[in-house]
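Novice:
Residue numbers (my numbering): 326 to 758.
#1: Taking the alpha-carbon positions, what's the residue 672 to residue 356 distance?
#2: So, at 7 Å on beta carbons, what are the nonlocal neighbours of residue 574 in its own chain, with the 5 sequence-adjacent residues on each side left out?
#3: Three or more beta-carbon pairs under 8 Å between the segment 436 to 449 and the segment 369 to 386, yes or no?
#4: Within 10 angstroms of the Cβ of residue 531, are there 16 or more other Cβ atoms? Answer buried if so, exposed if not.
#5: Going along the chain, which residues of its own chain have a beta-carbon closer than 7 Å to the beta-carbon of residue 714, five neighbours each way excluded?
#6: Going by beta-carbon coordinates alone, are residue 360 and residue 500 separated by less than 7 Å?
#7: Could you tell me the alpha carbon to alpha carbon distance between residue 694 and residue 566, rounded to whole angstroms?
#8: Below 8 Å on the Cβ atoms is my contact criterion, and I expect residue 325 with residue 351 to pass it. Report the Cβ-Cβ distance as a whole number of Å.
#9: Starting from residue 599, follow the alpha helix (DSSP H) in both directions and report where the run begins and ends.
#10: Note down the Cα distance separating residue 649 from residue 664, rounded to an integer number of angstroms.
#11: Return the chain-ordered list of same chain residues with a C-beta closer than 8 Å to the C-beta of residue 571, the five sequence neighbours on each side being excluded.
#12: How should residue 459 be labelled, buried or exposed, when 16 other C-beta atoms within 10 angstroms of its C-beta is the threshold for buried?
#13: Less than 7 Å between the C-beta atoms of residue 471 and residue 344, yes or no?
#14: Output yes or no for whether 7 Å exceeds the beta carbon distance between residue 699 and residue 455.
#15: Among 433, 468, 365, which has the Cα closest to the Cα of residue 680?
#16: Rounded to the nearest angstrom, how far is the Cβ of residue 481 from that of residue 612, given a contact under 8 Å?
#17: Output the residue ranges of the beta strand (DSSP E) runs that lie fully inside the segment 621 to 704 and measure 3 residues or longer, sorted by chain position.
#18: Drop a sphere of 10 angstroms on the beta-carbon of residue 685, count the other beta-carbons inside from all chains shown, and report buried for 16 or more, exposed for fewer.
#19: Identify which residue in 652, 353, 516 has its Cα closest to the Cα of residue 503.
#20: Note down the Cα distance separating residue 757 from residue 630, rounded to an integer number of angstroms.
#21: Would a C-beta distance cut-off of 7 Å place residue 628 and residue 637 closer than the cut-off?
#22: Between which residues of its own chain and residue 577 is the CB-CB distance below 6 Å, once the five residues before and five after are set aside?
#23: Below 8 Å on the Cβ atoms is my contact criterion, and I expect residue 731 with residue 653 to pass it. Report the Cβ-Cβ distance as a whole number of Å.
#24: Out of 702, 632, 529, 753, which has the shortest C-alpha to C-alpha gap to residue 450?
#25: Alpha carbon to alpha carbon, how far is residue 595 from residue 661? Give it in angstroms, no decimals.
#26: Less than 7 Å between the C-beta atoms of residue 622 and residue 474, yes or no?
#27: Please state the DSSP three-state secondary structure of residue 352.
#28: What did DSSP end up calling residue 336 once you bin it into helix, strand or coil?
#29: At what residue ranges does the segment 351 to 437 contain a whole run of the alpha helix (DSSP H), taking only runs of 4 or more?
#30: Would you mind reading off the limits of the alpha helix (DSSP H) that contains residue 472?
#31: Where do the N-terminal and C-terminal ends of the alpha helix (DSSP H) with residue 730 fall, by residue?
#32: For residue 406, which residues from the same chain have a beta carbon less than 7 Å from its beta carbon, with the 5 sequence-adjacent residues on both sides left out?
#33: What span of residues does the alpha helix (DSSP H) with residue 444 cover, start to end?
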């Protein structure tokens, strides 16, 4: 009977392939979310739709995501990721393909809002957070940080590509090309390379090899598992989890952080244009922030494995608040230095959100109901994103200024930091050594 080697010279760990799949898939997810504004702009001119009624397609898309997130999360471990993710990719591609035939608003709502909104959830942060929680323990922050880079590079790659296709070939061809990209790259790679757990390959999380366990045996039955579950990861029922303060701290802190993220993402270009900044320059600033956030997602994930989630998230939150403060001060001190500082600090702080949300959730609730819990986390994130987008516009309509909205974003971000300390992931994770 062949025994698994315990040599310190380990081979390449397959978990990093899963990280690569997560990064790729999430770049499609966020690329779809951010390219909506490009299709939105051309469709309202083509069909002469009102802005509010056309924008409702994105709202329907977000509602579909919020509904599907807990379902997708809970199904990952119940029936396996392939049976969830692959049909979702097909539904996403089919929805984009049908978007080439849009003639009415109902078509736009159904094809992009409902079909793409439901399908793209299977390419999002939800399923891969659950999957990666099985593959990594000590390196969970690093793995999630690398995977989260996809959120940053998605807009950088897809926004200019889709804009080019729309400009030279039309919006119908752009939808067709996006569908083709979905059907080929993520569908093919996930079909061939996606694995659910390291035990399928005779490994433990982080590439550890079970001591004295044969490849023919079930590694989960070993007695030398270096990753024993924490008490909070044992046989919890959702109704019991929901009675704890820790659960509600986990549910609320991401929503409060993303509230500010979407407030800035949606309104910063219009805010700067009102102050005399050219549209193309303001849009380029957003692209720069996306690129900065991508780099910092890796950094924050790596750092959190070494100094802890709470300290890392606090540092990221401070950067986030400093960035918004720089944007706020620009209306009083119109210096481009403030805009560069805004782009750097906001991008850095934004980069801390996804890897820390993923990692803290995994630290606290990895187990049988983790998929459902993380789906609920993402559902409330969607609420925060939608409400943050709306409230900033409402405040401006009432006051003709974004100042109160930006100050509210800073306040809620600082509150989210306090909630992370209240959730206390340090009590339920293994320290990187």
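From the three backbone atoms N, C-alpha and C, an ideal C-beta is built for every residue, glycine too.
Specialist: A quick look at the data gives this:
#1: 17 Å
#2: 744, 747, 748
#3: yes
#4: buried
#5: 587, 588, 591
#6: no
#7: 10 Å
#8: Beyond the ends of the chain as shown, which are 326 and 758, falls residue 325; an answer cannot be given.
#9: 570 to 599
#10: 10 Å
#11: 557, 689, 747, 748, 749
#12: buried
#13: yes
#14: yes
#15: 468
#16: 6 Å
#17: none
#18: buried
#19: 353
#20: Reliability of the predicted coordinates at residue 757 is poor, the pLDDT of 44 falling under 50, and the value obtained from them is presented with this limitation in mind. Rounded to the nearest angstrom, the two C-alpha atoms are 5 Å apart.
#21: yes
#22: 744
#23: 5 Å
#24: 702
#25: 17 Å
#26: yes
#27: helix
#28: coil
#29: 376 to 404, 407 to 424, 430 to 433
#30: 465 to 494
#31: 728 to 748
#32: 452, 456, 519, 521
#33: 442 to 445
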